[in-house]
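In terms of the UniProt record's numbering, the sequence shown opens at residue 1 and continues consecutively. Beta carbons are placed, not taken as given, at the ideal position from N, Cα and C, and that holds for glycine. Structure first, then comments.
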Amino acid sequence: MNRLQILLLEDNPLDAEVVSVTLADGGIDCDLEVVNTRTKFVAALETKRFTLILADYALPGFDGLTALSITRERYPYLPFIFVSASLGEELAIESLKMGATDYVLKQRLERLVPCVKRALQEVKEYRKRKAVETALQESEARLRLAIESAQLGTWDLNLITNELKWDAGCKAMFGLPPEAEISMDVFFERLHPEDRERVHREGHNSLNPVNGGNYNTEYRTIGFQDQVERWVKAKGQVYFDANGTPIRFIGTVLEITEQKQAQRRMNADLQDTQVLQELSTRLISEENIEVIYQEIIETAITLSRADAGSFQWFDVKTNQLKLLATQGFSQRIIEHFDRVTGNSQTSCGQALRNGKRAFIDFDAPDDPDGCLKMHLDEGFFSAQSTPLISRSGQFIGLLSTHWRKYHRPSERELRFLDLLARQATDLIEQRQAFAEHQHLLEREQAARKEAEQANRIKDEFLAMLSHELRSPLNPILGWSTLLQTKKFDSATTQKGLSTIERNAKLQTQLIDDLLDIARILRGKLKLKETTVNLVTVIEEGIEVVRRAAEAKSIALRFNLIDSCQVRGDEGRLEQVLWNLLSNAVKFTPEGGQVIVQLEVLHDQACITVVDTGKGIKPEFLPDLFQTFCQEDISITRNYGGLGLGLAIVKYLVDAHGGSITAESAGEGQGATFTVQFPLLKEESKPSPTLLASVNTDLKGIKVLAVDDNEDTRHLLKMLLISYGAETNVVASGIEVLANLKTFDPDVLICDISMPEMDGYTLLQQIRVLPDAQGGKIPAIAVTAFTHYEDRQKALAQGFQEHIPKPLNPEMLATAIARLV
């Protein structure tokens, strides 16, 4: 095999060496001649025959477009590929319009070998088409010779008697046997219906002496016996008498079916090549991937003369084909074939299984899932699916076309489908690589923005911290100095000491808040739980802020019940109330009012603090309880603080199993804070033996309990037995379902967080069972999820009781007795 002769226009020796190595590594066996000036380039073109030209775009005193123009003047069809590091999109499109075969960026030289191979293949295809064209021209020359020598078929029409004579060759072109009787009626009968009127008109025009009696036309015949369509070229001459009357019409015929078919094939090749070139030009600048998919499908339908098409992408995670775009299908088909596996009997299923092109006729008998019949019902009879294979050999998707008739694409159509598939795969891989790059860039930008935001918040907080810590020091140090160095009357002295005390307490509170938030962030904040009367907590909180309220003429109103006990850390609960009340007083202008209400809603203690203050902007409400978050952080802000108070409040409320919400109609409309805590249920006075002190008798009650923790299961069993219950304790939801019917329990005690099947899922499965199988069994949730939201969720999911861990034996026994 002859080595390829490649001319490389490149002024950088290193780049030329890289190109040479890339070609060799890619299996391109070639002689590479490198030139770096216009003179050498032209001389090389004039002295040697090259297979292909590679050219840099920008050289000193010489550019790639000029080299392309020089090449096209001498060799219009010689492959010319730009290899450049500076070729932008606009220049690339311009070069392609001027006749460049392709372009490769030096940054992506891995595309060079595929581009060279593709260009050589296109040259090969072009030469084949030229060969067909040459053959057609030679055939036409033979046709002229045959007509002139009257060797293929002759006819003779007596225009006086209307007698028509054909030789055997002429009859054969009409599919007639040699002995067949001939007439003008037979002639017109055997013409293709679409040609009859035209042939009659052309023959009639030939009978006019003005036209010289010449007759030259082409038409199609339909064989009498074989019904085969043939193309015939007819040439004749009309003879006239002395008066100009036509008396005889003679001529020859030649079958040109093969030439017509070759012409059609060549025209189709040129047309389809143009379709692919136009598609490539359009998609180079198209950014919308959905438009790209649709353009590819439309082109596939055009190339294969199909009625519908689809584009499917291979999902490597699910091993399925995902439908990305379609044309010509009903919504029923689109929805049904949104995802396809290799088990499908359709062409796409077969292509997925085998990794190669597949054909299908939808009336095939092997149709277990009815997919083929569904296509028949929609009017489709045949389909093909062409795999999309990446440059690395990976199967990445399918391009399918469907016909509303029984059909198999020709070899030519399949060849162009393969070219389209290659083009589509390259383009989509490029777009995916670009999209991935953009995604990484966006993630990097988002991360940088987040880091900048974190730094900004940190800087703002440190600046605010410095300000808030220094502000109280000013009056403390100032009055301390004055009181040590000056003599004042008792009133002034008392005022100075009060100022020092007030600012010292303020600074202490700031430090306490910082320490609290540090403990919270480290998970080190501990609660000392006791029984707490919220009435006392609220009254003490009101007393703390009363002086500040009176100083601003703010009316403090409260509506409290006599007693309301919860379980919690009294000091931390006071901190919650003090924060809410002090904020209400701080942000309420002179003459306003603050209202505090305590009530019981179901099993919750509900504290409401309402003020007529500055209100809260709606957009700030979602961030109200965030750490270091303040509505106004400007240097001109009216209120001090670090933005930690409400974050600490939120944490403390959550830690007590409660909830807190804030509402405001907007600026100047005041604010309402609502806090809820679980009520402490009344307990019997303890006696020396805890279990013996409970007089709840569970004898005769069958209890089925489930918990994945072995120690908890043992505790439950001993506790329930001590109350006299008949007990069955299991470790999983599956065991519960297995024991429901055989044990026939009266009550179910169920943990929530369990592996494999959690408590909610277990109860859902139980509730769908018939009553006789335990479908309506009373259920108690025993869980370490103790917040108010957890209790509400458990009750909403169908549990009758919610008992927090660690277990209170009396509470559990009471709940069981109450449910039975």
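Residue from the options whose Cα sits closest to the Cα of residue i
i: Tyr760; options: Pro770, Asp790, Ile292, Asn739; result: Asp790
i: Tyr239; options: Leu601, Asn158, Gln453; result: Asn158
i: Ile803; options: Glu179, Lys702, Val782, Arg422; result: Val782
i: Leu54; options: Ala435, Pro387, Lys106; result: Lys106
i: Gly46; options: Leu270, Gln331, Asn319, Arg74; result: Here residue 46 is Glu; the residue named in the question, Gly, does not match the sequence. If we check each option's Cα against that of Glu46, Arg74 comes out closest.
i: Val535; options: Leu420, Ser385, Cys564, Asn205; result: Cys564
i: Asp377; options: Leu352, Glu218, Arg332, Arg264; result: Arg332
i: Asp195; options: Tyr651, Ile334, Glu229, Ser310; result: Glu229
i: Leu807; options: Gln773, Ala796, Ile749, Gln764; result: Ile749
i: Glu179; options: Ala168, Val186, Glu189; result: Ala168
i: Leu795; options: Leu812, Asp771, Leu763, Asp361; result: Leu763
i: Thr252; options: Gly175, Lys235, Glu599; result: Lys235
i: Glu810; options: Glu452, Ser722, Leu176, Val703; result: Ser722
i: Ile816; options: Leu769, Ala772, Ala705, Pro770; result: Ala705
i: Asp654; options: Gly568, Thr727, Ile595, His602; result: Gly568
i: Phe558; options: Leu581, Phe395, Val576; result: Leu581
i: Ala358; options: Lys373, Leu388, Val104; result: Leu388
Residue i beta carbon near the ligand FMN (any heavy atom closer than 7 Å)
i: Phe359; result: For the structure depicted, the ligand FMN is absent and the ligand set is empty, with no information on it obtainable.
C-alpha distance - residue i paired with residue j, whole-angstrom precision
i: Thr366; j: Gly379; result: The sequence as given places Asp at residue 366; Thr does not occur at that position. Going by the C-alpha atoms only, they are around 19 Å apart.
i: Glu710; j: Ala549; result: 56 Å
i: Leu23; j: Ser390; result: 20 Å
i: Thr299; j: Leu279; result: 8 Å
i: Arg713; j: Ser732; result: 11 Å
i: Gly775; j: Leu719; result: 26 Å
i: Cys371; j: Ile701; result: 58 Å
i: Glu543; j: Ile616; result: 26 Å
i: Val123; j: Arg3; result: 16 Å
i: Gln237; j: Ile160; result: 16 Å
i: Gly668; j: Lys614; result: 4 Å
i: Asn503; j: Gly478; result: 12 Å
i: Tyr77; j: Thr39; result: 22 Å
i: Phe249; j: Gln259; result: 27 Å
i: Val340; j: Ala172; result: 53 Å
i: Leu414; j: Gln432; result: 26 Å
i: Ala268; j: Asp226; result: 27 Å
i: Arg422; j: Arg111; result: 13 Å
i: Asn455; j: Asp623; result: 18 Å
i: Ser410; j: Asp361; result: 16 Å
i: Glu452; j: Leu440; result: 18 Å
i: Asp697; j: Val600; result: 30 Å
i: Gln797; j: Asp744; result: 22 Å
i: Leu482; j: Pro475; result: 10 Å
i: Trp403; j: Pro755; result: 53 Å
i: Thr636; j: Phe587; result: The pLDDT assigned to Thr636 is 31, lower than 50, so where the model puts this residue is not dependable, and the model offers no usable value.
i: Val576; j: Glu290; result: 56 Å
Assigned secondary structure, residue i (DSSP; H/G/I helix, E/B strand, else coil)
i: Lys322; result: strand
i: Asn810; result: In the sequence as displayed, the identity of residue 810 is Glu instead of Asn. Helix at Glu810.
i: Arg339; result: strand
i: Tyr215; result: strand
i: Tyr103; result: strand
i: Arg422; result: helix
i: Lys685; result: At Lys685, the pLDDT of 37 sits below 50, so the modelled position is not reliable and the matter cannot be decided from this model.
i: Ala784; result: coil
i: Asp25; result: helix
i: Ser659; result: strand
i: residue 824; result: With the chain covering only 1 through 820, there is no way to say anything about residue 824.
i: Asp654; result: helix
i: Lys165; result: strand
i: Glu444; result: helix
Anticipated Cβ contact below 8 Å, residue i with residue j, distance rounded
i: Ser400; j: Ala383; result: 6 Å
i: Leu65; j: Ser95; result: 7 Å
i: Leu8; j: Glu33; result: 7 Å
i: Val736; j: Val730; result: 6 Å
i: Leu527; j: Arg572; result: 6 Å
i: Thr661; j: Thr608; result: Actually they do not touch by this definition, with Cβ atoms about 10 Å apart.
i: Thr217; j: Glu202; result: 5 Å
i: Pro11; j: Asp56; result: According to the sequence provided, residue 11 is Asp. The question's Pro does not apply to it. So it is a contact: roughly 7 Å between Cβ atoms.
>> Please give me, in chain order, every unbroken run of the beta strand (DSSP E) with length at least 3 that falls completely inside the region 350 to 420.
In response: 358 to 361, 382 to 389, 395 to 403
>> My parser needs the beta strand (DSSP E) runs of 3 or more residues fully inside the region 223 to 311; what are they?
In response: 229 to 240, 246 to 255
> Could you give the uninterrupted runs of the alpha helix (DSSP H) lying entirely in the UniProt domain "Response regulatory" (702 to 820), keeping only those of 4 residues or more?
Replying inline: 710 to 722, 733 to 743, 759 to 767, 788 to 796, 809 to 819
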